[in-house]
Structure formats: C-alpha cells, structure tokens
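Each residue of the sequence shown is one higher than the one before, counting from 189 in my numbering.
Accompanying notes for the structure given below.
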Amino acid sequence: MSTPTFDRRGLLLALTGLVAGRSWAQGGGPQAWENWKAAFVDNEGRVIDDGQAGISHSEGQAYGLLLAQAYGDHETFERIETWTRATLATRQDALMAWKWRDGAVRDWRNATDGDLLRAWALLRADRDSGWSGHARQAQRIARDIVQICLAPDPRIRDEPLLKPSDQAMATDAAVTVNPSYYILRALIELGDASDQPALIRTAAHGERLLADPGAMRDWIEVTPGGLAPADGFEDRFGWDALRIPLYLAWSGRTAHPALARAGARFAATSTPGHVATVTGPEGRMRQQSNAPGFRAVSDLAAARAPGPAGSAGQGYYPATLGLLAQIAWKEGMKRHSPVKAPTLHNRRLDGGR
189 MSTPTFDRRG LLLALTGLVA GRSWAQGGGP QAWENWKAAF VDNEGRVIDD GQAGISHSEG
249 QAYGLLLAQA YGDHETFERI ETWTRATLAT RQDALMAWKW RDGAVRDWRN ATDGDLLRAW
309 ALLRADRDSG WSGHARQAQR IARDIVQICL APDPRIRDEP LLKPSDQAMA TDAAVTVNPS
369 YYILRALIEL GDASDQPALI RTAAHGERLL ADPGAMRDWI EVTPGGLAPA DGFEDRFGWD
429 ALRIPLYLAW SGRTAHPALA RAGARFAATS TPGHVATVTG PEGRMRQQSN APGFRAVSDL
489 AAARAPGPAG SAGQGYYPAT LGLLAQIAWK EGMKRHSPVK APTLHNRRLD GGR
C-alpha cells in the first residue's frame with residue numbers, strides 16, 4: 189500500500205501567511221478567531237461548549253488546538269494544551285477522557301475523534317508552526333489509537349475499522365462506528381509521521397466505507413452482511429454526520445460521493461437561508477438552521493467556498509464548524525493523491541473475494 193503525500197511546503201506557506209495576519213477566506217480572518225476565543229476559551233485554556241450546559245470535552249479541546257495553530261496563536265495553543273494535559277489527558281494511556289464538568293472528569297471513556305484531532309494538532313504545531321516539543325506526544329497518541337481504538341471489519345478481517353471509543357462494541361458480529369470520526373487527512377499524516385501504517389490503512393478502508401450510502405448516518409453498525417443503523421441510536425444524518433463533508437473536503441476528496449449525498453441532505457431545507465441539519469434515513473428534513481457555521485459546511489458539500497463564519501453568537505458548535513470550514517477549504521483546494529489500497533479495491537465488502 190502506498191502512502192499519499194501532501195504538499196507540506198504549500199501548507200506551511202499558507203500557515204505562514206495566516207500568522208502574518210492575512211485572512212485565508214472570506215469571514216475567516218483573525219477577528220473571527222478572536223471572537224471565537226473570547227466566547228469559548230476561558231483563562232485557563234478550557235474550551236466551553238455552551239450547547240451542552242457549559243461542559244468541556246476532548247473534541248472541543250482538540251478543535252481549540254487546531255484553530256489556535258491555524259491562526260498562529262501560540263499562547264492560546266499552549267494554554268489549551270496545558271489545561272487538557274492537567275484534566276482530560278490523565279488516563280493511564282495517552283488518550284483523553286471525553287467529558288469534564290463542574291471541576292472534574294465525568295466520563296473516563298475516550299472519544300477517538302478528539303484524540304485523533306488533538307494528535308493532529310500537536311503534529312501540525314511541531315511540524316508546520318515550529319512550536320517544538322509536541323511531536324512525541326502526537327506519536328504516543330497515534331500509537332494508542334492503533335492499539336486501543338481499531339477493530340477488524342467483520343466483512344474483511346484484515347481491514348481495520350475506527351472504533352468511536354476504547355469501550356465501543358466490536359465483535360465478530362458487529363462493530364459500532366461513527367462515520368464522522370474518519371478524518372482521512374489526520375489519519376494519513378499521523379500514520380506517516382508516527383510510523384503507524386495501520387492508521388493509513390484505516391484511512392483507506394474508511395474512505396471506501398464512507399462511499400457506501402449506508403454510512404450517511406450519525407452512527408452505524410458494520411456487520412458481516414453490510415452496514416446497518418446502530419442499535420440504540422436514532423437513525424438519522426444529524427449533528428455528528430454533518431462533519432463528514434467537512435473532513436472529506438479538508439482531505440482533498442472533492443470527488444467523493446459522500447459530498448454529493450451530504451449536499452442533497454443539506455438542501456432538504458424548507459426555508460430560504462437555512463440548511464437541513466438533521467434528516468431522516470429517507471432524506472427528509474427533521475431540523476434546520478440558519479447558523480452561518482452550518483451553512484459553511486453545506487457550502488463545502490456543494491464544492492464552493494464557504495460563506496462568512498459568522499459571529500460566536502451562533503453557539504459553540506456551528507461557530508467552530510464555520511472556522512474549520514474556512515481552513516478546510518484553503519487546505520483542501522489542491523487535489524491530494526487518493527489513499528491507495530490495492531488489496532482493498534479487489535475485494536467485495538460482503539465478506540467474499
């Protein structure tokens with residue numbers, strides 16, 4: 189299996205331009221970052237999710253690190269990482285507990301997307317911004333994701349699936365998967381930098397998984413017979429799944445079929461200026477929003493430059509996605525080599541050969 193390569197010099201130049209104070213995209217300039225930081229990062233470096241009663245979680249800390257690195261804000265990056273190490277990153281492994289509230293960790297299970305995003309942010313800080321001292325921790329996290337958070341696909345035993353947490357169900361009969369946790373570019377770059385080829389193989393298999401229409405859900409189960417709605421979760425394309433097009437665009441997968449499918453979901457809205465944020469399995473709109481951040485992700489799904497990120501007044505989640513969409517558009521504009529997995533493409537995914 190060959191390893192895709194990214195234009196690291198071009199990425200570094202883009203980052204350098206932003207550090208110098210130039211906006212990457214409309215509505216995604218330094219003031220948007222300052223607004224986000226003022227609204228959602230406290231003095232200690234805790235990222236606050238105002239949509240979930242002010243809790244903090246591994247995903248939010250990782251998003252804060254990614255944004256601080258992209259905007260060249262070294263002080264805020266270190267402040268967020270310091271709080272994270274002192275509170276969430278206190279398990280026996282290198283992964284984070286996922287939930288903090290009222291002064292204490294409330295759930296010690298990890299959320300794999302948070303760990304993947306944090307490791308990627310640490311790698312980018314060391315590699316692209318020259319903020320040394322973070323590469324080793326990124327490697328530790330990558331190693332423990334491989335050791336703890338991968339499981340064999342019941343359809344093809346030697347192809348890995350990304351578990352959403354260390355304790356997620358993974359048996360010969362079914363593996364629970366959150367499709368929005370597949371951040372292909374992060375998996376590939378971390379696998380390359382940390383000498384963890386299993387992460388690159390996970391990205392290749394995940395890219396194929398996301399091409400299945402059955403993966404257009406917040407949660408799925410991968411079974412020997414194919415993909416099915418996950419037991420115990422609402423069958424929908426909603427708050428989790430709407431990140432699928434964001435991460436595919438960020439990874440340069442502009443022709444991936446999931447982008448068009450996501451675009452159709454977003455377009456199911458019934459009100460001008462809104463996008464459908466939750467749709468049922470049949471594609472019908474259940475909830476919609478006019479938040480600029482959600483509309484920015486919808487723009488990515490339609491292969492167009494995202495509109496202004498908007499103010500922090502729209503809430504933590506859409507405000508965060510709006511800024512990430514600006515970065516994804518800039519970094520994903522150039523086509524990157526697709527993940528190559530010759531053994532994968534010659535196999536049927538119903539367990540046959």
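Where a beta carbon is used, it is the ideal one built from N, C-alpha and C, also for glycine.
When the five nearest sequence neighbours on each side are left out, the beta carbons in the same chain lying within less than 6 Å of the beta carbon of Ala258 are those of Ile515, in order along the chain. Following the DSSP letters along the chain, one finds Trp288 inside the beta strand (DSSP E) bounded by residues Lys287 to Arg289. Here Glu347 carries a strand assignment [DSSP, helix/strand/coil]. The three-state secondary structure of Leu283, taken from DSSP, is coil.
The Cβ neighbour count for Glu263, taken over all protein chains shown within 10 Å, is under 16; the residue is labelled exposed.
As computed with DSSP, Phe265 is found in no beta bridge at all. When rounded, the separation of the alpha-carbon atoms in Ala227 and Leu255 is 14 Å.
The beta carbon of Ala313 sits closer than 7 Å to those of Gln257, Phe265, Trp319 and His322, all from its chain and outside the five residues before and after it, given in chain order.
Restricted to the stretch 363 to 415, the beta strand (DSSP E) segments that are unbroken, complete and at least 3 residues in length are 363 to 365 and 408 to 411, listed in chain order. Taking the Cβ atoms as the reference, Ile432 lies roughly 6 Å from Ala446, within the contact range of under 8 Å. Distance from the CA atom of Thr390 to the CA atom of Gly468, rounded to whole angstroms, is 28 Å. Closest in C-alpha terms to Arg267, from the list Arg294, Thr442 and Gly233, comes Gly233.
In the DSSP assignment, the residues bridged to Ser244 are Trp288. Short of 8 Å from the beta carbon of Ile371, and not among the five residues preceding or following it, lie these beta carbons of its own chain, in chain order: Asp301, Leu304, Leu305, Trp308, Tyr435, Trp438 and Ser439. Closest option to Gln219, judged by alpha-carbon separation, among Arg324, Asp261 and Gln240: Asp261.
A distance below 7 Å between beta-carbons, with the five flanking residues on each side excluded, links Pro401 to the following residues of its chain, in chain order: Arg449.
At least 7 Å separates the beta-carbon of Thr275 from that of Trp286.
For Pro480, the enclosing alpha helix (DSSP H) covers residues Pro480 to Ala489. In this structure, Val463 and Phe454 form a Cβ contact; the two beta carbons are roughly 4 Å apart against a cut-off of 8 Å.
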